[in-house]
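If you read the protein sequences in the order shown, they are chains A and B.
To convert a position in the first sequence, counted from 1, into the numbering used here, add 544.
To convert a position in the second sequence, counted from 1, into the numbering used here, add 25.
In what follows, a structure is listed as structure tokens, so that the remarks can point back to it.
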Amino acid sequence: MKSYAVESTGNNYIRLRKKLTQSFCFMLFRISALINGLALAVIVYFILANGWKAINWTFLTQPPMDSMTKGGIFPCIIGTLFLCIGAMVVAFPIGVFSGIYINEYAKPGRILRIIRLGISNLAGVPSVVFGLFGLAFFVIYLKMGVSILAGALTLGAMSLPVIIGSTEEALKAVPDTYREASLGLGATKLQTIFRVVVPAAMPGILTGGILGISRAAGETAPIMFTAAVFSSPKLPESVFDEIMALPYHIYVLATAGTEIETTRPLQYGTALVLIAMVLGMNLTAIILRSRLRKKMRQI
Amino acid sequence: MIFSQRQKDRFMSYFFFIVATASIAVLFMIMLFLFMEGIPIFQKISPKDFLFGEYWYPTDEPPDFGIFPLIFSSLAVTFLSALISIPLGVLTAIYLAEIATYRFREIVKPIVELLASLPSVVIGFFGMVVVAPFLQETFDIATGLNLFNAALMLAFMSVPTICSISEDAIYSVPVSLKEASLALGATSLDTIVRVTIPASISGISTAIILGMSRAIGETMVVLMVAGGAAMVPGSLFDPVRPLPASIAAEMAEAPYRGDHYYALFATGIVLFVFTFSFNLIADYISNKYRQVGEATL
Numbered sequence: 545m546k547s548y549a550v551e552s553t554g555n556n557y558i559r560l561r562k563k564l565t566q567s568f569c570f571m572l573f574r575i576s577a578l579i580n581g582l583a584l585a586v587i588v589y590f591i592l593a594n595g596w597k598a599i600n601w602t603f604l605t606q607p608p609m610d611s612m613t614k615g616g617i618f619p620c621i622i623g624t625l626f627l628c629i630g631a632m633v634v635a636f637p638i639g640v641f642s643g644i645y646i647n648e649y650a651k652p653g654r655i656l657r658i659i660r661l662g663i664s665n666l667a668g669v670p671s672v673v674f675g676l677f678g679l680a681f682f683v684i685y686l687k688m689g690v691s692i693l694a695g696a697l698t699l700g701a702m703s704l705p706v707i708i709g710s711t712e713e714a715l716k717a718v719p720d721t722y723r724e725a726s727l728g729l730g731a732t733k734l735q736t737i738f739r740v741v742v743p744a745a746m747p748g749i750l751t752g753g754i755l756g757i758s759r760a761a762g763e764t765a766p767i768m769f770t771a772a773v774f775s776s777p778k779l780p781e782s783v784f785d786e787i788m789a790l791p792y793h794i795y796v797l798a799t800a801g802t803e804i805e806t807t808r809p810l811q812y813g814t815a816l817v818l819i820a821m822v823l824g825m826n827l828t829a830i831i832l833r834s835r836l837r838k839k840m841r842q843i
Numbered sequence: 026m027i028f029s030q031r032q033k034d035r036f037m038s039y040f041f042f043i044v045a046t047a048s049i050a051v052l053f054m055i056m057l058f059l060f061m062e063g064i065p066i067f068q069k070i071s072p073k074d075f076l077f078g079e080y081w082y083p084t085d086e087p088p089d090f091g092i093f094p095l096i097f098s099s100l101a102v103t104f105l106s107a108l109i110s111i112p113l114g115v116l117t118a119i120y121l122a123e124i125a126t127y128r129f130r131e132i133v134k135p136i137v138e139l140l141a142s143l144p145s146v147v148i149g150f151f152g153m154v155v156v157a158p159f160l161q162e163t164f165d166i167a168t169g170l171n172l173f174n175a176a177l178m179l180a181f182m183s184v185p186t187i188c189s190i191s192e193d194a195i196y197s198v199p200v201s202l203k204e205a206s207l208a209l210g211a212t213s214l215d216t217i218v219r220v221t222i223p224a225s226i227s228g229i230s231t232a233i234i235l236g237m238s239r240a241i242g243e244t245m246v247v248l249m250v251a252g253g254a255a256m257v258p259g260s261l262f263d264p265v266r267p268l269p270a271s272i273a274a275e276m277a278e279a280p281y282r283g284d285h286y287y288a289l290f291a292t293g294i295v296l297f298v299f300t301f302s303f304n305l306i307a308d309y310i311s312n313k314y315r316q317v318g319e320a321t322l
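Set out below in structure tokens:
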């Protein structure tokens, strides 16, 4: 009896210690998750708190005045929109078709592996290298010059992996019974894909498009040498014109402007407009996707 | 001419295949043009002097094109940011996959995704106007734009990558493994440390490598907050000039197809080789040690 009692207190001690270590470690896990949230909150807070004062109608609808120290950022907003739309016109169809090939046609094997490797490596190429590539290929070799076209193509190449990934995920979520039902009714594979599978996966594919746009909107390095200029006297008239863009505007105002301190409110304001655009698009995409996943779970 | 459905089907399958190779084509073109514009510098300077030369004074007369300080800066910044981002990313992933209730999971996951979507220029701006003055005052140093600041900002850019890929890996560990461990009397923590993490270690390693690859290639943050001095840093608070920052800062002024221009493209090659090999290693690990149910243990 005695020895049993001793053993039991020993066990209790070990159990207590284990319990304490466990709660300590779990606390550590929670704290690290919290730090992420905190980082996002702090960054958004600083931009919001300092930026909202700069936001008004003039800021959003007028070009910069008094050599960039006053006025608005209208040309930058337009420029960023043009670049995003251009990038999507190029990347969206290519990305979606690639996703369709990978999920619907490709058989597991060497070819698929090489394609996947290509996509994951493309996703890993540093943004400044995309900028170098755009400069050497589009701007110089294809003689497009520093232009919307060159910038949009560079951004398009960069956002391809995002769109392919989302398309693939969306197609994968379409149940095979859909395909079987369509094929069983005598539809060809092509008809099945375009009339059944793609419509069912459409919200997911569009999510990918939105994520692609938001990625293109926020990137600076790829457009630094290919499309963006600090100041342009007029709004662009053709795709061969150079253009002002939000991210590049922030960068130049914050680092190279002659009056960095006086333009601080403008910098905060521009940053606020940019993150409002990007976070807004991402939030839409996240909500769309979580709704979609809930729907798929019900099927 | 009228095509039968069958012919149309066949034609379209080739069409999809060709489009799907676009990514590889782009990757190939990137390499081609980097090398085409970067190789000529090696007529002026040997690859060894280029990689290990200690002085980067591209605009001096005669110019010095040694990128060793830049490579060292890049590695230092990446390593330091990894020290912060690996624990943060992996611990958050464990929290999300194993501990968090469904409701918290649904809140924390979007937060991590939003953190990933913050434009790098905004994070750089934040580092410049908020973190730098703070560091300068707290530690009483000459400039807040330095190695430490850049590493800190980069860490928050690579945490989302590390976190989301690790989380997928941890989440896909079969429940039966965990149940077996718990049934044998292990605590939840024991199960996580001795069963779940070892079972998903290949995914976690992939995540870490991809996170570091993102950190080393990130441009705007290091351009804005690293300080920009092309020298081997002596302390945590010395300004540095990593590879991408050097390219981004100098390309605009480099005369077209001059030596400086070629040297910057060659710097691009070095950077590309870094990220490319990181990605290949990640791909190798995730394929070689793929988790296939219980059979992996």
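Beta carbons are placed, not taken as given, at the ideal position from N, Cα and C, and that holds for glycine.
Among the residues of its own chain, which have a CB less than 8 Å from the CB of residue 837(A), if the five just before and after it don't count?
Answer for residue 837(A): 717, listed in chain order.
Identify the contact partners of residue 574(A) in chain B, using a Cβ-Cβ distance below 8 Å as the criterion.
Within 8 Å Cβ-Cβ: 120 and 124.
From residue 41(B) to residue 655(A), what does the alpha carbon distance come to, in whole angstroms?
Whole-angstrom Cα-Cα distance: 13 Å.
I want to see whether chain A comes within less than 9 Å of residue 313(B), judged by CB atoms only; does it?
No, because no Cβ of chain A sits closer than 9 Å to the Cβ of residue 313(B).
Tell me where the alpha helix (DSSP H) around residue 187(B) begins and ends.
Counted as a single uninterrupted DSSP element, the alpha helix (DSSP H) harbouring residue 187(B) occupies residues 172–196.
Interface partners of residue 308(B) on chain A, CB under 7 Å
Residues of chain A passing the Cβ test: 661 and 664.
What three-state label does DSSP hand residue 772(A) in the structure shown?
Three-state DSSP puts residue 772(A) in a strand.
Pull up the DSSP beta-bridge partners for residue 90(B), would you.
Among the bridge pairs identified by DSSP, residue 90(B) is matched with 81(B).
Own chain residues within Cβ distance below 7 Å of residue 622(A), not counting five before or after
Taken in chain order, the residues that qualify are 779.
In this structure, does DSSP put residue 597(A) in helix, strand or coil?
Correct three-state label for residue 597(A): coil.
Contact between the region 119–137 of chain B and the region 182–194 of chain B (3+ Cβ pairs under 8 Å)
Cβ pair count under 8 Å is three or more, so yes.
For residue 796(A), report the span of its alpha helix (DSSP H) as first-last.
Annotation for residue 796(A): the continuous alpha helix (DSSP H) segment containing it runs 790–799.
Under a three-way DSSP split, which group does residue 614(A) fall into?
Residue 614(A) falls in the strand class under three-state DSSP.
Exposed unless 16 or more other CB atoms sit within 10 angstroms - verdict on residue 29(B)
A residue is called buried when at least 16 other Cβ atoms come within 10 angstroms of its Cβ; residue 29(B) does not meet this threshold and is exposed.
Cut-off 8 Å between Cβ atoms - residues of its own chain near residue 78(B), not counting five sequence neighbours on either side:
Answer for residue 78(B): 70, 89, 90, 91, 92 and 93, listed in chain order.
Does the beta-carbon of residue 127(B) have 16 or more other beta-carbons within 10 angstroms, so that it is buried, or is it exposed?
Looking at its Cβ environment, which holds fewer than 16 other Cβ atoms inside 10 Å, residue 127(B) is exposed.
Buried/exposed call for residue 165(B), threshold 16 Cβ in 10 Å
Of the residues assessed, residue 165(B) falls on the exposed side of the cut-off, its CB having fewer than 16 other CB atoms within 10 angstroms.
Which residues of the region 33–54 of chain B have a Cβ closer than 8 Å to any Cβ of chain A? Give them in chain order.
From the region 33–54 of chain B, only 33, 34, 37, 38, 40, 41, 42, 44, 45, 46, 47, 48, 49, 51, 52 and 54 have a Cβ closer than 8 Å to chain A.
Cα separation between residue 80(B) and residue 692(A)?
One Cα belongs to residue 80(B), the other to residue 692(A), and the distance between them is close to 37 Å.
Measuring only between beta-carbons, confirm whether residue 633(A) sits less than 9 Å from chain B.
With respect to chain B, the C-beta atom of residue 633(A) has no partner C-beta closer than 9 Å.
Beta-carbon separation of residue 627(A) and residue 696(A) under 9 Å?
A contact, by the Cβ cut-off of 9 Å.
Check for me: the alpha helix (DSSP H) holding residue 60(B) runs from which residue to which?
First-last of the alpha helix (DSSP H) with residue 60(B): 47–63.
Looking at chain A, is there any beta carbon in it that lies within less than 9 Å of the beta carbon of residue 85(B)?
Cβ-Cβ to chain A under 9 Å: no for residue 85(B).
Tell me whether residue 651(A) is buried or exposed, calling it buried when 16 or more other Cβ atoms sit within 10 Å of its Cβ.
With a threshold of 16 other beta carbon atoms within 10 Å, residue 651(A) falls short and is exposed.
Would a C-beta distance cut-off of 9 Å place residue 758(A) and residue 821(A) closer than the cut-off?
Residue 758(A) is a Cβ neighbour of residue 821(A), given a cutoff of 9 Å.
As assigned by DSSP and simplified to three states, the class of residue 804(A):
DSSP places residue 804(A) in coil when its eight states are reduced to three.
Compare the C-beta of residue 255(B) with all C-beta atoms of chain A and state if any pair is closer than 9 Å.
No, no contact with chain A.
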